[in-house]
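In what follows, a single structure is set out as structure tokens and then discussed.
Numbering (full-length UniProt numbering), first residue to last: 1 to 122.
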């Protein structure tokens with residue numbers, strides 16, 4: 001049997017705050033919401049789910065910061081433009097635009113510490 005993973009779940013402490021954050025980050029509204037859950041459909045077809053850590057079963061044993069959601073953008077100019085845009089929205093930046101072995105990148109994080117890396121390839 002073959003399969004194609006199509007949903008990433010982040011456990012969040014406040015569903016309303018996280019939904020607002022990701023709406024701003026992705027410039028999109030969720031395609032589905034519940035009192036303790038929201039789902040976004042990304043252009044790639046991947047779905048991003050936000051699930052209240054208080055209602056997820058089984059209960060999560062770890063929260064944000066242990067992994068990254070990486071988003072490829074066309075070029076270095078797009079990296080810089082997104083960085084400036086998110087700075088004006090007071091997003092917490094944990095890495096400024098930086099050249100690295102794999103490309104040019106910056107990292108922000110959501111209210112729960114989940115990392116979001118934007119990068120362009122070398």
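Beta carbons: idealized from backbone N, C-alpha and C, even for Gly.
- Only exposed fits residue 2, as fewer than 16 other CB atoms lie within 10 angstroms of its CB.
- Residue state for residue 77 is assigned as helix, using DSSP reduced to three classes.
- For the pair residue 105 and residue 92, the CB atoms are not nearer than the 8 Å cut-off.
- Annotated as proximal: residue 37 and residue 15, with beta-carbon spacing under 8 Å.
- Beta-carbon to beta-carbon, residue 79 and residue 119 are separated by about 7 Å, close enough to satisfy the 8 Å threshold.
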